[in-house]
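Sequential numbering of the sequence shown, starting at 1, is according to the numbering used here.
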Amino acid sequence: MRSFRFVVKAVAFTGALLLMAGESLAGDIKGKVSVQGIKSAENIAVYIDAIPDKKFEAPTAKPVMDQTKMTFSPHVMVVQVGTTVEFLNSDPVGHNVYWPSISGNKKLAHNLGTWPKGEKKSFQFNDVGVASLLCNVHPEMNGYIVVSPTPYFALTDKSGKYEIKNVPPGKYTLKTWSEEGKVTTQAVEVGAGGVTADLTVKK
Ligand SMILES: [Cu+2]
1 MRSFRFVVKA
11 VAFTGALLLM
21 AGESLAGDIK
31 GKVSVQGIKS
41 AENIAVYIDA
51 IPDKKFEAPT
61 AKPVMDQTKM
71 TFSPHVMVVQ
81 VGTTVEFLNS
91 DPVGHNVYWP
101 SISGNKKLAH
111 NLGTWPKGEK
121 KSFQFNDVGV
131 ASLLCNVHPE
141 MNGYIVVSPT
151 PYFALTDKSG
161 KYEIKNVPPG
171 KYTLKTWSEE
181 GKVTTQAVEV
191 GAGGVTADLT
201 VKK
């Protein structure tokens, strides 16, 4: 009995050590996105494209896409595939939310309807791509939800900088999406110390 307990403890301890080693091996991908022919390097999604044979569980957190002051806020949101997004109306007027396609696939068009202040509706994004959010009451309103195939994504700040944290070591394809620019892809290899990857997005 005693030796059995010892073995259990030893296995648990070794497991904990391996877990810690795995975590410490994970690195960050960071860098700067430069733009050519586009006004701003802000709000550009940078994410690791689908990893063969790797599936990720749907996140439990439900980010909020707010409709406030006649805008979608944030203007661009990146989520992992499988994420449920809550659409909240914070304005005293009714807003509608629909997207005519996901990355051009009109079969994935969806209209959530129109609802008043303080109420929200949720939608689970199970298809990778970009949903262009529109409101059929206010044609000037638009926003984007970028659905990433992996949990490894970031959005650039005002200066174009981004950081994707805790990526396991390996070779990946980095991909960008931006409102005005073309999709950029770049190979990247993450080692224990992380990696810097600068990208250029062209119009
Ligand atoms: Cu509206």
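Every residue gets a Cβ at the ideal spot worked out from N, C-alpha and C, and that includes glycine.
Being a predicted model, the structure only gives us computed values, none of them experimental.
- Query: When you compare only the Cα positions, how much space is there between Gly22 and Pro168?
  - Reply: Residue mapping note: residue 22 aligns to position 22 of the sequence shown, counting from 1. Residue mapping note: residue 168 aligns to position 168 of the sequence shown, counting from 1. Low local confidence applies: a pLDDT of 49 at Gly22 is under 50, so the model's placement there is unreliable, and no value is given.
- So what does DSSP say about Gly22, is it helix, strand or coil? Taking the first residue of the sequence shown as 1, we reach residue 22 at position 22. The predicted position of Gly22 is uncertain, since its pLDDT is 49 and thus under 50; a value taken from the coordinates is nonetheless stated next. Helix.
- Query: Looking at C-beta atoms only, is the number of pairs between the segment 155-175 and the segment 129-141 that lie closer than 8 Å three or more?
  - Reply: no
- Message: Between which two residues does the beta strand (DSSP E) holding Ala154 run?
- Response: Walking along the sequence shown from the start, residue 154 turns up at place 154. Where Ala154 is concerned, the enclosing beta strand (DSSP E) stretches over Phe153 to Leu155.
- Mark Leu199 as exposed unless 16 or more other C-beta atoms lie within 10 angstroms of its C-beta, in which case mark it buried. Here residue 199 refers to the residue found at position 199 when the sequence shown is read from its first residue. That one is buried.
- Query: From Ala154 to Asn105, what does the alpha carbon distance come to, in whole angstroms?
  - Reply: Walking along the sequence shown from the start, residue 154 turns up at place 154. Walking along the sequence shown from the start, residue 105 turns up at place 105. Taking the straight line joining both Cα atoms gives about 24 Å.
- Message: Here's the rule: buried if 16 or more other CB atoms are within 10 angstroms of the residue's CB, otherwise exposed. What is Thr60?
- Response: Looking up residue 60 in the sequence shown gives position 60. So Thr60 counts as exposed.
- Item | Selection from Tyr162, Ala187, Gly37 and Ser122 that minimises the alpha carbon distance to Gly170 | The residue you call residue 170 lines up with position 170 of the sequence shown. Considering only alpha carbons, the answer is Ala187.
- Message: For Ala197, which residues in the same chain have their Cβ closer than 8 Å to its Cβ, ignoring the five residues on either side in sequence?
- Response: To locate residue 197, count along the sequence shown from 1; it is residue 197. Correct list, in chain order: Ile29, Lys30, Gly31, Leu174, Gln186 and Val188.
- Item | Where the beta strand (DSSP E) through Ala45 begins and ends | Position 45 of the sequence shown, counted from the start, is the residue given in the question as residue 45. Segment Ala45 to Ile48, the beta strand (DSSP E) holding Ala45.
- Message: Tell me the DSSP secondary structure of Lys54 in three-state form.
- Response: For the purposes of this step, residue 54 is identified with residue 54 of the sequence shown, where counting begins at 1. In the structure shown, Lys54 sits in coil (DSSP, three-state: anything other than H, G, I, E or B).
- Beta carbon of Thr150 nearer than 7 Å to that of Ile48: Against the sequence shown, residue 150 aligns to sequence position 150. Against the sequence shown, residue 48 aligns to sequence position 48. Going by C-beta atoms, Thr150 is nearer than 7 Å to Ile48.
- Task: Along the beta strand (DSSP E) that carries Phe123, what are the first and last residues, could you check?
- Result: Start at 1 with the first residue of the sequence shown, and residue 123 comes out as number 123. Looking at the DSSP string, the run of the beta strand (DSSP E) that includes Phe123 is Lys120 to Gln124.
- Can you have a look at Gly37 and say buried or exposed, based on whether 16 or more other CB atoms are within 10 angstroms of its CB? In the sequence shown, the residue the question calls residue 37 occupies position 37. Gly37 should be labelled exposed.
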